[in-house]
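Just so you know, the protein sequences line up as chains E and U, in that order.
Just so you know, we're using the UniProt record's numbering here: the first sequence kicks off at 1 and counts up by one.
Just so you know, we're using the UniProt record's numbering here: the second sequence kicks off at 1 and counts up by one.
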Amino acid sequence: MARLSVDQEMQPAMPRVPYKRRSNGFARFIRQIDLQLMVLPALALIFVFSYIPMYGVLIAFQDYKIGHSFTGSPWVGWKHFAYFFHSPDFYTVMRNTIVISLLKFCIGFPAPILLALMLNEVRKMVFKRVVQTITYLPHFMSWVILGGLVASLLATDNGSLNMLLERLGTIQEPINFLSLPKYFWTILITTNVWKEIGFGSIVYLAAIAGVDPNTYEAASIDGASRFKQIYLITLPSIMPVISIFMILAIGNLLSAGFEDILVLAVNPALRDVSDVIDTYVIRVGINNYRYSYATAVGLFKAVVSVGLLTIANYVARKSGNSLW
Amino acid sequence: MYSSRGDRVMVVFIYVFLIVFALSTLYPFLNAIAISLNEGLDTAKGGITLWPRAFTLENYEVVFQDERLMSGFVISVLRTIVGTVSAILATAIFSYGMTKRELMGRKYYMLMCIFTMYFSGGLIPTFLLIRNLGMFNSFWVYIIPSLIGVWNMIIFRTFFQGLPQGLEESAKIDGCGNWGTLFRIVLPLSGPVIATLSLFTAVGHWNEWFVASIYISKEELLPIQTILKQILASNIVSEQTANLDAAAQAHMAQAKTVTSKSLSMATMMVATLPIVMVYPFVQKYFVKGVLVGSLKE
């Protein structure tokens with residue numbers, strides 16, 4: 001290793017060194033072919049499955065016909081984008097995407113931080129471990145299973161929630177929660193928090209563990225209450241971690257998952273509140289075969305996402321916690 | 001220890017909150033287990049919460065008799081094993097190559113990888129590509145596109161770079177090539193990172209259902225999660241009998257107490273079982289894995 005790097009650094013300084021060894025690129029490449037063979041097949045896979053689809057985005061500007069290559073169909077310019085912006089679906093889809101993303105962000109992002117702060121106050125280690133074990137569990141279940149559990153809890157025929165509400169006397173008739181639009185966002189966000197809160201708290205707990213214990217001691221001698229210690233020591237100490245994860249979350253704002261929606265919004269009656277860009281792309285593209293149109297919608301989302309990430313990072317850089 | 005009254009109130013509040021929170025997190029699972037072990041007709045009368053009232057294993061019997069579900073289970077196991085082993089192996093080889101400073105073009109290769117983390121072609125172009133590659137209705141659609149994970153590559157690479165250089169050098173002196181060094185020296189030393197990433201990948205494979213739902217129409221190739229999704233969807237919409245195959249339906253008619261709800265709960269439990277079984281290991285390694293990942297950021 002060391003020998004080789006010395007070799008490389010010395011070459012420009014000593015022009016006459018090796019007579020035959022003064023390798024042109026190709027000969028060097030052949031000599032390290034065993035090394036190249038480690039990486040080239042993987043790069044070929046990345047090229048095929050990541051870069052060819054990027055090139056395939058071009059069909060957003062065509063009327064793509066099945067069986068043609070990605071550039072073999074007639075070009076139509078911005079037609080599909082214009083169609084999307086003027087279609088009646090645009091308002092619904094954009095509203096749902098923005099509302100659901102913002103709700104997920106505003107509730108789903110701080111929730112793990114709160115949990116971590118609370119867990120950190122627990123001094124009984126066994127209790128802490130048990131709570132952690134339980135709250136991590138949903139993260140490892142597929143959305144299909146979680147969707148099934150939620151549907152079962154909310155079912156009209158002896159779903160637990162309806163039974164509870166009936167016993168409490170708040171409702172007379174069981175409510176079919178998963179078919180009424182007004183409950184959907186609440187259900188979706190609650191389920192998301194349920195799945196990710198525990199797992200999301202791991203990073204923050206690790207960050208909190210890195211805070212110097214002496215700081216707390218000093219604060220408590222100065223008379224700061226536990227609450228004040230959280231507010232004035234713990235939170236500021238983990239702020240860098242929080243802001244990095246916030247940037248990532250903002251970058252993913254528009255692609256905050258669609259599996260949850262596919263699993264929970266089975267009932268077509270919910271489409272008005274459940275249709276987001278991703279599910280819309282799946283429906284019009286894959287189920288209705290409008291490939292070019294769906295690609296245009298997807299591209300629109302990708303561009304907005306990159307924009308959001310750039311803005312978030314710009315703001316973070318101003319405050320001193322940049323991702324790049 | 002808790003000096004002021006305010007502190008004590010806060011601590012009590014935190015304990016109470018965490019207990020309630022943990023119980024409500026766990027409740028849906030316990031409820032589903034209870035329903036899956038209860039006679040379906042009895043469940044329909046309502047009132048099942050944490051404990052089965054009329055205990056039976058009939059729901060599970062019907063599940064295990066349904067050939068479609070069992071074939072789904074086998075496909076899930078197969079894709080998890082094949083997918084995990086091949087992806088970890090391929091990614092490890094790739095990452096090891098990428099740690100070598102003398103690798104020509106390393107900087108460009110790395111850029112090529114990083115870029116894919118920020119931008120992707122999106123669902124439809126990928127869908128059309130898979131279609132043009134003839135991977136529709138092929139088992140390999142589960143394996144090949146997810147063979148190389150850039151994120152995993154970075155984690156592997158960071159780990160490899162942390163190994164003592166001397167070991168590799170002495171292997172070189174003893175006449176080991178790059179491949180020999182990887183398989184005889186580096187991989188045997190990489191137990192923890194291999195375990196962590198394998199668990200990540202395996203859980204991902206087991207839980208994945210969307211790929212199958214768009215690329216696979218042959219029933220015998222569907223994994224259990226996708227089949228379960230179809231069953232649950234038809235339950236939610238119609239609340240009618242789930243579409244079972246003939247043998248299972250006959251058994252169900254004969255059993256009489258099984259309903260579609262008790263049946264889907266039993267199926268869900270069967271589909272969750274492997275996760276619950278590996279969960280203790282998962283917990284041990286995942287926490288480390290998450291931290292490894294976040295350190296990179």
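C-beta: ideal position from N, C-alpha, C; glycine also.
If you're wondering where the values come from, they're calculated on a predicted model, not measured in any experiment.
Check your understanding: In terms of residues, what are the limits of the alpha helix (DSSP H) holding S237/E?
Key -> 235 to 251
Point to revise | Exposed unless 16 or more other CB atoms sit within 10 angstroms - verdict on G56/E | key: buried
Check your understanding: Pick from T156/E, I197/E, V276/E, K65/E: whose alpha carbon is nearest that of M118/E?
Key -> I197/E
Point to revise | Local conformation of W75/E per DSSP, three classes | key: strand
Review point. Less than 7 Å separating the beta-carbons of V284/E and R290/E?
Key: yes
Review point. Start and end of the alpha helix (DSSP H) containing S24/U?
Key: 5 to 36
Practice item. Could you name the residues of the stretch 217 to 247 of chain E whose beta carbon sits closer than 7 Å to any beta carbon of chain U, in the order they occur along the chain? Key: S225, R226, F227, I244
Exercise for review: Give the DSSP-derived three-state secondary structure of Q62/E in the structure shown.
Suggested key: strand
Review point. From which residue to which residue does the alpha helix (DSSP H) around F70/E run?
Key: No alpha helix (DSSP H) contains F70/E, which DSSP labels as neither H nor E.
**Study point:** Whether L153/E touches L161/E by CB criterion (7 Å)
**Key:** yes
Practice item. Out of F200/U, S190/U, G97/U, point me to the one whose CA is closest to S142/E's CA. Key: F200/U
Check your understanding: Between Y279/U and the rest of its own chain, which residues show a CB-CB distance below 7 Å, the 5 nearest in sequence each way excluded?
Key -> none
Point to revise | residue 323/U: contacting residues in chain E (beta-carbon distance under 9 Å) | key: The requested residue 323/U does not occur in the structure, where chain U is confined to residues 1 to 297.
Review point. CA-CA distance, I113/E and L37/E?
Key: 45 Å
**Study point:** Presumed contact (8 Å Cβ cut-off) between V258/U and G40/U, rounded CB distance
**Key:** 5 Å
**Study point:** 7 Å Cβ cutoff, Q230/U in contact with chain E
**Key:** no
Check your understanding: If we cut at 7 Å on Cβ distances, does L149/E have a partner in chain U?
Key -> yes
Exercise for review: Indicate whether at least one CB of chain E lies closer than 7 Å to the CB of T241/U.
Suggested key: Only weak support is given to the placement of T241/U: the predicted model assigns it a pLDDT of 46, under 50, and the value that follows is read from those uncertain coordinates. Output row for T241/U: interface = no.
**Study point:** Interface residues of chain A facing F140/E [CB-CB closer than 7 Å]
**Key:** Protein chains E and U are contained in the structure displayed, whereas chain A is not.
Check your understanding: Ordered along the chain, which non-local residues of its own chain (more than five positions away) have a Cβ less than 8 Å from that of V150/U?
Key -> C113, I114, T116, M117
Review point. Taking all protein chains shown into account, do 16 or more other C-beta atoms lie within 10 angstroms of the C-beta of H86/E, making it buried, or fewer, making it exposed?
Key: exposed
Exercise for review: With DSSP as the reference, please indicate the residues paired to F55/U in a beta bridge.
Suggested key: N38/U
Practice item. Could I get the ranges of all uninterrupted alpha helix (DSSP H) runs contained in the stretch 113 to 165 of chain E, with 4 residues as the minimum, in chain order? Key: 125 to 136, 143 to 154
Exercise for review: Report yes if the CB atom of F227/E is closer than 7 Å to the CB atom of M10/U, and no otherwise.
Suggested key: yes
Review point. Between V203/U and F140/E, is the Cβ-Cβ spacing less than 7 Å?
Key: yes
Review point. Of the residues that make up the stretch 107 to 135 of chain U, which ones have a beta carbon closer than 9 Å to any beta carbon in chain E?
Key: Y109, M112, C113, F115, T116, Y118, F119, S120, G121, G122, L123, I124, P125, T126, F127, L128, L129, I130, R131, N132, L133
Check your understanding: If you drop the 5 nearest sequence neighbours on each side, which residues of the same chain put their C-beta closer than 7 Å to that of S71/U?
Key -> E220
**Study point:** CA-to-CA distance, L205/E to N192/E, given in whole angstroms
**Key:** 20 Å
Review point. Taking any Cβ of chain U, which residues in the stretch 28 to 47 of chain E have a Cβ under 9 Å from it, in chain order?
Key: R28, F29, Q32, D34, L35, Q36, L37, M38, V39, L40, P41, A42, L43, L45, I46, F47
Exercise for review: Taking all protein chains shown into account, decide if W51/U is buried (16 or more other Cβ within 10 angstroms of its Cβ) or exposed.
Suggested key: exposed
Point to revise | First through last residue of the alpha helix (DSSP H) which encompasses Q161/U | key: 150 to 162
Practice item. Rounded to whole angstroms, what's the CA-CA distance from G47/U to A34/U? Just pull it up for me. Key: 11 Å
**Study point:** Cβ neighbours of A224/E in the same chain (closer than 7 Å, five flanking residues each side left out)
**Key:** L232
Practice item. For F70/E, collect the residues of the same chain with a Cβ closer than 7 Å to its Cβ; drop the 5 residues on either side in sequence, then sort them by chain order. Key: Y55, G56, L58, I59
Check your understanding: Mind checking whether L264/E and G77/E have CB atoms under 7 Å apart?
Key -> no
Check your understanding: Hey, does L153/E have any beta-carbon neighbour from chain U nearer than 7 Å?
Key -> yes
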